[in-house]
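There are 2 protein chains.
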Amino acid sequence: MKFSCTKEQLVHAVNIVQKAVSNKPQMPILSGIYLNAENNMIELQATDYELGIICKIEANVEKAGAIVLSGRYFQDVVKKLPGETVEIVTNKEEHTMKITSNSAQFNLLSLPASEFPVLKPLNATTSFKIRDNIFRELIKKTVFACSADEARPIFTGCLLNVNNSDVVMAATNTHRLSVKKEYLDDFTGNVKIIIPSKILNELARIMVAEVPSDIRIDCAYGQISFTFDNVYIISRLIEGQFPDYERVIPPDFATNITLNTDEFSAAVERVSLISRVSDYNIIRLTFKENSVVISSNNPDIGKAEESVPAIIEGNDLDISFNAKYVTDILKNIDSEKIYFSLNTPLSPASIKPCDDETYTYIITPVRTTA
Amino acid sequence: MKFSCTKEQLVHAVNIVQKAVSNKPQMPILSGIYLNAENNMIELQATDYELGIICKIEANVEKAGAIVLSGRYFQDVVKKLPGETVEIVTNKEEHTMKITSNSAQFNLLSLPASEFPVLKPLNATTSFKIRDNIFRELIKKTVFACSADEARPIFTGCLLNVNNSDVVMAATNTHRLSVKKEYLDDFTGNVKIIIPSKILNELARIMVAEVPSDIRIDCAYGQISFTFDNVYIISRLIEGQFPDYERVIPPDFATNITLNTDEFSAAVERVSLISRVSDYNIIRLTFKENSVVISSNNPDIGKAEESVPAIIEGNDLDISFNAKYVTDILKNIDSEKIYFSLNTPLSPASIKPCDDETYTYIITPVRTTA
Numbered sequence: 000m001k002f003s004c005t006k007e008q009l010v011h012a013v014n015i016v017q018k019a020v021s022n023k024p025q026m027p028i029l030s031g032i033y034l035n036a037e038n039n040m041i042e043l044q045a046t047d048y049e050l051g052i053i054c055k056i057e058a059n060v061e062k063a064g065a066i067v068l069s070g071r072y073f074q075d076v077v078k079k080l081p082g083e084t085v086e087i088v089t090n091k092e093e094h095t096m097k098i099t100s101n102s103a104q105f106n107l108l109s110l111p112a113s114e115f116p117v118l119k120p121l122n123a124t125t126s127f128k129i130r131d132n133i134f135r136e137l138i139k140k141t142v143f144a145c146s147a148d149e150a151r152p153i154f155t156g157c158l159l160n161v162n163n164s165d166v167v168m169a170a171t172n173t174h175r176l177s178v179k180k181e182y183l184d185d186f187t188g189n190v191k192i193i194i195p196s197k198i199l200n201e202l203a204r205i206m207v208a209e210v211p212s213d214i215r216i217d218c219a220y221g222q223i224s225f226t227f228d229n230v231y232i233i234s235r236l237i238e239g240q241f242p243d244y245e246r247v248i249p250p251d252f253a254t255n256i257t258l259n260t261d262e263f264s265a266a267v268e269r270v271s272l273i274s275r276v277s278d279y280n281i282i283r284l285t286f287k288e289n290s291v292v293i294s295s296n297n298p299d300i301g302k303a304e305e306s307v308p309a310i311i312e313g314n315d316l317d318i319s320f321n322a323k324y325v326t327d328i329l330k331n332i333d334s335e336k337i338y339f340s341l342n343t344p345l346s347p348a349s350i351k352p353c354d355d356e357t358y359t360y361i362i363t364p365v366r367t368t369a
Numbered sequence: 000m001k002f003s004c005t006k007e008q009l010v011h012a013v014n015i016v017q018k019a020v021s022n023k024p025q026m027p028i029l030s031g032i033y034l035n036a037e038n039n040m041i042e043l044q045a046t047d048y049e050l051g052i053i054c055k056i057e058a059n060v061e062k063a064g065a066i067v068l069s070g071r072y073f074q075d076v077v078k079k080l081p082g083e084t085v086e087i088v089t090n091k092e093e094h095t096m097k098i099t100s101n102s103a104q105f106n107l108l109s110l111p112a113s114e115f116p117v118l119k120p121l122n123a124t125t126s127f128k129i130r131d132n133i134f135r136e137l138i139k140k141t142v143f144a145c146s147a148d149e150a151r152p153i154f155t156g157c158l159l160n161v162n163n164s165d166v167v168m169a170a171t172n173t174h175r176l177s178v179k180k181e182y183l184d185d186f187t188g189n190v191k192i193i194i195p196s197k198i199l200n201e202l203a204r205i206m207v208a209e210v211p212s213d214i215r216i217d218c219a220y221g222q223i224s225f226t227f228d229n230v231y232i233i234s235r236l237i238e239g240q241f242p243d244y245e246r247v248i249p250p251d252f253a254t255n256i257t258l259n260t261d262e263f264s265a266a267v268e269r270v271s272l273i274s275r276v277s278d279y280n281i282i283r284l285t286f287k288e289n290s291v292v293i294s295s296n297n298p299d300i301g302k303a304e305e306s307v308p309a310i311i312e313g314n315d316l317d318i319s320f321n322a323k324y325v326t327d328i329l330k331n332i333d334s335e336k337i338y339f340s341l342n343t344p345l346s347p348a349s350i351k352p353c354d355d356e357t358y359t360y361i362i363t364p365v366r367t368t369a
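Written as structure tokens, this is what we have:
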């Protein structure tokens with residue numbers, strides 16, 4: 000194998016595929032990045048068997064071939080190369096790959112390409128396209144609500160439900176639920192899958208094109224792939240039945256409160272300085288006389304209390320929540336004002352932006368003895 | 000105790016004294032910050048018995064008094080307060096301190112001030128003044144050369160040697176030595192003390208005044224204090240005899256090499272990507288034919304090699320070093336060029352800036368089998 004390419008493109012490609020290199024690989028070969036040079040293209044691949052990433056870049060290929068390099072050292076070395084171009088030549092006898100850039104020269108030990116589980120394109124049963132900015136918005140507004148508890152896999156992923164032109168993404172850890180709706184331009188069909196949150200987080204990080212472009216999504220039994228620019232990402236899906244989240248959303252509320260997002264958010268952050276050190280991180284909200292008093296009490300530290308103006312339509316109410324579940328949603332709301340809607344101190348409440356009917360967040364209160 | 004002050008000044012003072020609050024306090028009271036209000040000043044104090052810091056700020060004191068608060072929560076709370084001013088009132092019966100700022104109110108549990116080991120000014124045997132920018136330069140150019148090995152305390156500190164108008168700071172871990180000289184305006188006397196590197200690092204972080212100003216240094220048996228602006232820092236000294244470092248500095252060298260600092264530094268950093276994962280982090284320097292070839296070889300990863308132009312006066316030479324000891328000094332040299340001076344592959348070498356006779360760095364080579 001012998002090729003040359005720009006350092007910038009190689010660094011970009013290595014940074015992308017590196018996300019699929021496991022820190023604790025099941026087999027040594029999975030700690031590596033696979034390189035394949037042919038037809039004036041270099042293909043880089045990495046996989047941990049859950050997530051696989053392919054990234055292609057242009058190169059001047061003098062001799063085709065494939066090789067596997069330790070991902071960690073390859074990334075470190077490529078990033079620090081001094082020149083604008085990089086020349087790479089393999090030495091089969093010494094099992095090394097020579098990387099030359101200006102006056103710097105590295106000979107990295109290589110692994111045989113034949114041992115690498117080369118990624119294959121999915122044999123898709125359903126395919127559709129979605130704008131990357133829309134897909135990123137679906138992820139960003141829901142993925143934080145997933146559970147981290149691997150014992151219940153369904154809650155570690157987001158439901159993606161496509162029904163003709165309607166796309167819904169939903170996530171829940173059973174204590175809170177986040178649902179975001181968007182629309183597709185042209186697709187007729189039905190998809191209902193659960194995508195691991197880890198993959199969605201990586202996708203949101205990789206999809207940073209300045210100009211909105213299309214992502215092609217292919218689904219097959221148990222797998223999904225995402226294709227955009229020069230990147231191909233393949234992932235397993237989570238098996239099982241996502242809970243019927245629509246049943247959790249209360250049809251109406253007895254009390255509807257309007258709050259300024261930033262004011263309420265800053266006050267909740269301050270009061271939770273006192274609550275967050277305890278396991279339950281409980282804050283109490285007292286809605287009364289056109290204000291909400293946010294308070295917390297930690298016997299080891301002290302008390303905090305802050306009042307914020309509120310427009311209250313309905314009954315006064317005293318209710319307690321896990322502060323993190325409140326701050327998480329407030330960080331994801333861009334509107335100046337929010338609606339906080341409640342029924343009783345023990346029934347699910349809703350927090351949503353004033354100007355966006357497509358975003359729903361349901362939060363279960365905490366029962367307190369006070 | 001009752002007072003009000005600006006949030007900005009209070010945050011500044013808490014951030015400074017916080018550095019003396021131990022994470023693993025010997026006694027619960029040492030996890031706290033002591034506050035004393037009188038004469039329209041607030042004094043904040045913290046100590047871990049090795050390092051003590053006092054910071055004073057102006058305040059509108061309505062009722063004098065003293066109290067101790069948990070350092071960690073006090074810092075978190077003060078930083079996030081919403082208003083420009085802060086009002087603080089203690090409640091003796093409840094053992095709490097009420098902090099009010101705009102609509103936010105915190106009641107933090109307090110500890111009795113009587114239990115706090117209040118810091119006392121040193122009874123100095125010698126005192127002198129030094130410009131903070133000069134003192135910071137002395138620290139920055141030497142403290143990195145200290146050892147972290149607490150088993151040999153002398154090498155965990157910097158020697159400060161004042162002899163009339165000459166000030167020298169020196170540090171060594173026995174494998175390398177860094178010495179920086181400066182001059183005092185008016186002082187006649189002699190001081191020879193070893194200051195813990197931890198305190199010097201904290202000092203360098205705290206002394207960030209935009210306009211150069213004087214620091215007053217007071218020494219007493221076993222202790223040192225630093226006074227500047229509204230800050231008073233007191234520390235123990237390290238006891239023992241600092242090695243006679245001047246004997247380590249070779250009087251002359253057989254080979255003198257001139258190198259471009261940035262070029263050499265970048266090449267050493269790249270080559271050490273390969274060496275740094277092994278325990279010894281060894282790079283080899285081959286000075287020959289107006290260039291230096293920097294190389295390293297790690298049987299588990301591969302080889303790296305890079306050549307940089309050099310002006311060599313004297314014999315060609317092959318010599319190996321711990322790469323960290325080379326990069327550490329290069330980071331602290333501001334000059335465009337350095338002198339690298341050598342005798343034999345096994346005798347100490349010198350690296351110094353071309354235009355600064357007051358800075359000396361001696362490094363012991365590594366014996367290699369190759």
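Those protein sequence lines, which keep their order, are chains A and B. Counting along the first sequence from 1, when you hit position 324 you're at 323 in numbering that gives the first Met the number 0, and nothing is skipped either side. Counting along the second sequence from 1, when you hit position 123 you're at 122 in numbering that gives the first Met the number 0, and nothing is skipped either side. A virtual CB, placed ideally from N, CA and C, is assigned to each residue, including glycine.
Given residue i, which residues of its chain have a CB within under 8 angstroms of its CB, disregarding the five upstream and five downstream residues?
i: B:G221; result: R235, L236, E238
i: B:D370; result: The question about residue 370 of chain B has no answer here: the residues shown for chain B are numbered 0 through 369.
i: B:S109; result: I66, V67, L68, T89, H94, T95, M96
i: B:N314; result: A253, T254
i: A:A322; result: V267, V270, S271, S274, R275, N280, I281, I282, S295
i: B:P27; result: L110
i: A:T326; result: S264, V267, E268, S271
Report the partner residues of residue i according to the DSSP bridge assignment.
i: B:I372; result: Outside the shown range of chain B, which is 0 to 369, sits residue 372 of chain B, and nothing can be said about it.
i: B:F127; result: B:I216
i: B:P195; result: B:G156
i: A:Y182; result: A:D165
i: A:C54; result: A:L43, A:V230
Checking 8 angstroms against the spacing of the C-beta atoms, do residue i and residue j come in under that value?
i: A:L258; j: A:V292; result: no
i: B:G70; j: B:S30; result: yes
i: A:R175; j: A:I361; result: yes
i: B:V190; j: B:V161; result: yes
i: A:E268; j: B:K78; result: no
i: A:Y33; j: A:F115; result: yes
i: A:K6; j: A:V117; result: no
Starting from the C-beta of residue i, find all residues in its chain whose C-beta is less than 7 angstroms away, skip the five residues before and the five after it, and write them out in chain order.
i: A:R366; result: L345
i: B:T187; result: N163
i: A:V10; result: V77, K78
i: B:T173; result: F154
i: A:S277; result: N297
Within 10 angstroms of its Cβ, does residue i collect 16 or more other Cβ (buried), or is it exposed?
i: A:D165; result: exposed
i: B:A169; result: buried
i: B:D131; result: buried
i: A:S100; result: buried
i: B:D148; result: exposed
i: A:T89; result: buried
i: B:R246; result: exposed
i: B:A266; result: buried
i: A:A36; result: buried
i: B:R135; result: buried
i: A:P251; result: The question names Pro, yet the displayed sequence has Asp at residue 251 of chain A. A:D251 comes out exposed.
i: A:K140; result: buried
i: A:N342; result: buried
Once the 5 residues before and after residue i are set aside, which same chain residues still bring their CB inside 6 angstroms of it?
i: B:I281; result: S274, S319, V365
i: B:I396; result: Examination of residue 396 of chain B is not possible in this model, given that chain B is present from 0 through 369 alone.
i: A:T363; result: H174, P347
i: B:Q1; result: The sequence shown places Lys at residue 1 of chain B, rather than the Gln named in the question. Once the five neighbours on either side are set aside, the close Cβ partners of B:K1 are E61, K62, V88.
Does the ligand SAM have a heavy atom nearer than 7 angstroms to the CB of residue i?
i: A:T367; result: Judged by which ligands are present, the structure shown has none, so any question about the ligand SAM falls away.
Could you tell me whether the segment 124-142 of chain B touches the segment 205-218 of chain B, using the rule of 3 or more Cβ pairs below 8 angstroms?
-> yes
If we count Cβ pairs, one from each stretch, closer than 8 angstroms, do we get three or more for the segment 264-276 of chain B versus the segment 296-314 of chain B?
-> yes
Would you check if there are 3 or more beta carbon pairs closer than 8 angstroms linking the segment 104-112 of chain A to the segment 299-307 of chain B?
-> yes
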